[in-house]
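Here is the structure we will look at.
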Amino acid sequence: MSGSIGVMLIVVGGFMQGTYFLGLKWTKPWRWENIWLIYALVALVILPFVLAILTVPQFGTAFSLAPSGALAKVFLYGVGWGVGSVLSGLGVDRVGLAMGVSVLIGITAALGSLIPLVAETPELVWKAKGLMVILSVIVLLAGVALVAVAGRKRDASSLATGESGQKGSFKAGLLICIFSGIFSCMLNLAFSFSKPVAQAAALAGAKPENAQYFVWMIALGGGFIANLLYTCFLLRRNRSWGNFVMPKSGLLALLGFGMGLLWYAGVIFYGRGAGIMGELGTVAGWPVFMATMIVFSTIWGFVMGEWKGSSSEAKWYMLAGLIILIVASGISAVANQM
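For what it's worth, our numbering labels the leading residue of the sequence shown as -8, then goes sequentially.
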């Protein structure tokens, strides 16, 4: 029963993270960097810090108790994830919500699941449980390949009708999404390899189930660095600092806050669900989290008209890819119950 509850929490988190991207659709007259900076401040700094302060009674003591090497590892994984986060926004902006999120999340799911399995529980790799996880990774990559084909066919048919919704080159956008997926898996690595940091938070008075908030604060703080540097670069290059005082800026800032709140809530639900799932929570729960994001981001992509004018063939490829990705996450969930 606890495993089922964990999966349900992860699915809710996946819905939240598959939805927050919608804010990028209504940024005008702001530019991408304006809305992304607000989102990053809220999701990666303000909310994680506030929640960690509220749940770790002896906040400063937690830092002194945590091994410096473990803190550095969690922080650096966060920095790597931050690079992937920046790339995800750029990639999705070019190839569209459904296509972009599916590709980058598929790769993130595969690497974020396989690496902790091999590093933390190598004894399970050649047992039935480990082989099931590896099988889920192989199926995930097959699904990603089909989704990529679907996006390419959609691009070709949309250009033919003059209704392509993407910005810039499809190939460049796809490449950005691939690299985003590689870097983005580091968020799960930060969580998977954070036991010494979580234990320090528990010793500092945090309830065991709340120790994750201290971990997320450190990892996401590292992720904020990459987001801050790149958005500030764009704000300077595009001279878009002044956009923050344009008409409607208050409403757009509120939109950015909503994006950040939705995204961070998704992380919290994932962390709580993975914890409930047990030993392989971050291995088996991560693909479920990713697949749920793909499903909901794809639904939103169709609702927003991203596939308008695309061929039936492209849509069938997309559907087949999504089904395979969901099957892969199902295999991973079954592995957790073995």
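For every residue, glycine included, the Cβ atom is placed at its ideal position computed from N, Cα and C.
Taking the C-beta atoms as reference points, A305 is found no nearer than 8 Å to V124. Measuring C-alpha to C-alpha distances from G80 to each of F170, G264, L38, A63 identifies F170 as the nearest. Counting the other CB atoms within 10 Å of its CB gives V77 a total of 16 or more, which places it among the buried residues.
Counting C-beta pairs with one atom in each stretch, the segment 293 to 311 and the segment 113 to 130 have fewer than three that are closer than 8 Å, which means they do not touch.
Sorting R230, S104, D84 by C-alpha distance to the C-alpha of S320 places S104 at the top.
Exposure of R230 is indicated by the presence of fewer than 16 other C-beta atoms within 10 angstroms of its C-beta. Taking C-beta atoms under 8 Å as the contact rule, M284 and K16 fail to qualify, at a distance of about 17 Å.
Taking the CA atoms as reference points, L108 sits about 24 Å from S59. In the structure shown, P58 falls within a coil segment according to DSSP collapsed to helix, strand and coil. When only Cα atoms are considered, L0 and G257 end up about 9 Å apart.
Short of 7 Å from the beta carbon of Q49, and not among the five residues preceding or following it, lie these beta carbons of its own chain, in chain order: A195, G196. Remark: fewer than three beta-carbon pairs, one from each stretch, lie closer than 8 Å, so the segment 176 to 191 and the segment 18 to 32 are not flagged as touching. Around the beta carbon of I96, a 10 Å sphere encloses 16 or more other beta carbons of the protein chains shown; the residue is thus reported as buried.
Counting of Cβ neighbours within 10 angstroms places V94 among the buried residues, the total reaching 16 or more. Contact between T18 and L243 is confirmed by a C-beta separation of about 7 Å, below the 8 Å threshold.
Positions of the alpha helix (DSSP H) runs, each at least 4 residues long and wholly inside the segment 239 to 311, are given as 240 to 268, 272 to 294 in order along the chain.
Annotated three-state conformation of C176 is coil, per DSSP. Each of L252, F161, Y261 was checked against the Cα of L32, and the nearest Cα belongs to L252.
Between V206 and A193, the C-beta gap is not smaller than 8 Å, which leaves the two residues out of contact.
Per DSSP, the unbroken alpha helix (DSSP H) holding F205 starts and ends at 202 to 228. Residue nearest to G292 within the set V70, L42, V83, F40 is V83 (criterion: CA-CA distance).
For L38, same chain residues with a beta-carbon under 6 Å away, outside a window of 5 residues either side, are Y255 in chain order. Segment contact: the segment 125 to 143 against the segment 210 to 229, fewer than three CB-CB distances shorter than 8 Å; contact not assigned. K120 sits in a helix when the DSSP states are folded into three classes. Put simply, of S301, A210, M250, S175 the residue whose alpha carbon is nearest the alpha carbon of W277 is S175. The C-alpha of A100 lies about 17 Å from the C-alpha of F260.
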